[in-house]
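Residues are numbered in my numbering as their position in the sequence shown, beginning at 1, plus a constant of 22.
Built from N, CA and C at the ideal position, the CB exists for glycine as well.
Down below is the structure, laid out as structure tokens.
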Amino acid sequence: MIGSSVVLRTRSWIVLCLGMLIVGSPAALAADCPGHPDALGTSRTLVVDPREHPLIGTMQYRETLPLKDHEVVLTFDDGPLPKYSNQVLQILADECIKATFFIIGSQAKANPEGVRKLVAAGHTVGTHSMDHPLTFDRMPIEKAEAEINGGIAWTSAAMTDPSQLAPFFRIPGLMRAEGVENYLISRGIQVWSADFPADDWRHVSSDRVYQLAIQRLEAKGKGILLLHDIQARTVAALPRIIRDLKARGYRIVHVVPATAERPATPTATVEWLLHPPTETTPIARWPRVPNFAFTQTRTLPAPALADLNAQAEHQPLLPLRTMAQANVAATLPVPGRALFAIPEGSVEVLLSTTLSRRAATRLAIAAETPRAAAKDKAAKGKAGKAHAHRTAHAAPAALKHAAQAKSATPRPARVATSVKKRA
């Protein structure tokens, strides 16, 4: 009985733990979406400290958000624009999805109610400059600061509670510049790039936007998706993207900034890499050369032979094998003088002096003359025989050709007479 009760209690504990896991699953969170039990929902909220990781998004930076596999963060740029932003807001509300919006200051100035709707729906609101210039990578830093500050000022002014503005900033067109990044970091603002876009700002169809979003997400497995809430093609593609995310097992993560009352989510540094290295994956990088600290700059003297406890008079200058070879070479006989003797009057002697070179040349020509004359005579003989042979064969042919020409000659006298008679 005691053993059976222990088993029952153990099983009950396992069932309770499984039940707690199921309640905390994305499916359970989606079921909590009022009126939409099949909604995708938001799986968790990630709290980040912009000062600890100021540059995120692997399209441009080394780090990205510390997401788990099959986790996605939806971001929207360039709003709010009532015609399309309100539709995007409704699609997200129907799925109980929380996203991050990067607001343009001029849009917030023209449509402050749109900014308040985003905050009321629980979305994260960052900024995207004042007028969205695509020259952040080359404009003067003073102008860039004015663009950044203008966007922040007008977006904050549109909010009922300006503290709801997140210290998140995305550079227009992702035209990054080091001076701009340094300025944002100095103000404690996190610079957001993305991990993959859907190209919805281009003149493409909504089907293409959907395909690119899913294909690029599948290629990376997780990350930050870049969209725009001011495009009709985005409004048309968004429901299909969400439906595919749900079918493929992806989960939505909502990102918010850390505050005094809301500390950052504990993470390890390696989690901020898109694909952290593992123990089974070799790292193809050379280790960094350490910086040595030299306490003294004085050089030591070179060691003397006496420092080696050796006596110079007993040390051979060459190794034993080399010395043996030297002894063998010393026993060879010295070559005689006759070996280098050159006979007087030879061509070599004549060529050794400038005045005798002509004489040596004449001797060489004289030696070659009889042989050249014999060759020339033989060649002439052969040529004569060939010419005679050709002449003998050509004579009959010439006579025959002359006879044919004579027979073919016309008679102009008769022709002239006949013409005269007719006249």
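{"Check": "Beta-carbon within less than 6 Å of Phe124's beta-carbon, same chain only, minus the 5 sequence neighbours each way: which residues are those?", "Outcome": "Asp99, Gly148, His150, Arg192"}
{"Check": "Using a Cβ-Cβ cut-off of 7 Å (strictly less than) and excluding sequence neighbours within five positions of Thr64, which residues of its own chain qualify?", "Outcome": "Leu51, Cys118, Ile119, Lys120, Ile274, His276"}
{"Check": "Please state whether the Cβ-Cβ distance between Ile236 and Ala216 is less than 9 Å.", "Outcome": "no"}
{"Check": "Would you mind working out which of Leu295, Asp251, Lys244 sits nearest Arg270, comparing C-alpha positions?", "Outcome": "Lys244"}
{"Check": "Helix, strand or coil for Pro357, going by three-state DSSP, please let me know.", "Outcome": "coil"}
{"Check": "Should His473 be labelled buried (16 or more other beta-carbon atoms within 10 Å of its own) or exposed?", "Outcome": "The displayed coordinates of the chain run from 23 to 445. Any statement about residue 473 would go beyond what the structure contains."}
{"Check": "Measure the beta-carbon distance from Glu293 to Pro88 and round it to whole angstroms, keeping in mind my assumption that it falls under 8 Å.", "Outcome": "4 Å"}
{"Check": "How many angstroms separate the CA atom of Leu68 from the CA atom of Ala290?", "Outcome": "14 Å"}
{"Check": "Looking only at DSSP bridge pairs, what is Val70 linked to?", "Outcome": "Pro279"}
{"Check": "Helix, strand or coil, according to DSSP, for Thr289 in the structure here?", "Outcome": "coil"}
{"Check": "Would Ser107 be called buried (16 or more neighbouring beta carbons within 10 Å of its own) or exposed?", "Outcome": "buried"}
{"Check": "Hey, Ala180 and Arg138: beta-carbon distance below 9 Å or not?", "Outcome": "yes"}
{"Check": "Just how far apart, CA to CA, sit Gln253 and Val231?", "Outcome": "11 Å"}
{"Check": "Tell me the rounded alpha-carbon separation between Arg265 and Ala199.", "Outcome": "37 Å"}
{"Check": "Quick check on the DSSP output: the beta strand (DSSP E) that includes Glu456 runs from which residue to which?", "Outcome": "Within the shown structure, residues of the chain are numbered from 23 to 445, placing residue 456 beyond reach of any answer."}
{"Check": "Beta-carbon separation of Thr1 and Ala188 under 9 Å?", "Outcome": "Look at the range of the chain in this structure, 23 to 445, and you will see that residue 1 is not part of it."}
{"Check": "Rounded to the nearest angstrom, how far is the Cβ of Pro102 from that of Asn133, given a contact under 8 Å?", "Outcome": "5 Å"}
{"Check": "Can you list, in chain order, the residues of its chain whose CB lies under 7 Å from that of Lys131, leaving out five sequence neighbours each side?", "Outcome": "Trp176"}
{"Check": "With DSSP collapsed to three states, give me the class of Gly173.", "Outcome": "helix"}
{"Check": "How far does the alpha helix (DSSP H) with Glu240 in it reach, from first residue to last?", "Outcome": "228 to 242"}
{"Check": "Cα separation between Leu38 and Asp54?", "Outcome": "Its pLDDT being 40, under 50, Leu38 is placed unreliably in this model, and the coordinates cannot settle the point."}
{"Check": "Once DSSP output is grouped into helix, strand and coil, what is the label at Phe124?", "Outcome": "strand"}
{"Check": "Would you mind stating whether Ile126 and Asp159 have Cβ atoms separated by less than 9 Å?", "Outcome": "no"}
{"Check": "Rounded to whole angstroms, what's the CA-CA distance from Pro194 to Trp214? Just pull it up for me.", "Outcome": "11 Å"}
{"Check": "Over the uninterrupted beta strand (DSSP E) stretch that includes Ala188, give me the two end residues.", "Outcome": "187 to 191"}
{"Check": "Between Glu167 and the rest of its own chain, which residues show a CB-CB distance below 7 Å, the 5 nearest in sequence each way excluded?", "Outcome": "Tyr205"}
{"Check": "Using CA coordinates, which residue listed in Gly358, Tyr272, Ala241 is at the minimum distance from Arg66?", "Outcome": "Tyr272"}
{"Check": "Using the rule of at least 16 other Cβ atoms within 10 Å of the residue's Cβ for burial, across every protein chain shown, is Ser26 buried or exposed?", "Outcome": "For Ser26, the predicted model reports a pLDDT of 43, less than 50, meaning its position is unreliable and no value from the coordinates is stated."}
{"Check": "Counting along the chain, where does the alpha helix (DSSP H) carrying Leu140 start and finish?", "Outcome": "134 to 142"}
{"Check": "When DSSP builds the beta bridges, which residues end up paired with Gln212?", "Outcome": "Phe190"}
{"Check": "On a Cα-Cα basis, can you pick out the residue from His92, Leu114, Leu322 that is closest to Ala241?", "Outcome": "His92"}
{"Check": "Please report the distance separating the alpha-carbon of Val141 from that of Glu283.", "Outcome": "19 Å"}
{"Check": "Within 10 angstroms of its Cβ, does Glu203 collect 16 or more other Cβ (buried), or is it exposed?", "Outcome": "buried"}
{"Check": "Going by other Cβ atoms of all chains shown within 10 Å of its Cβ, with 16 needed for buried, is Gly57 buried or exposed?", "Outcome": "exposed"}
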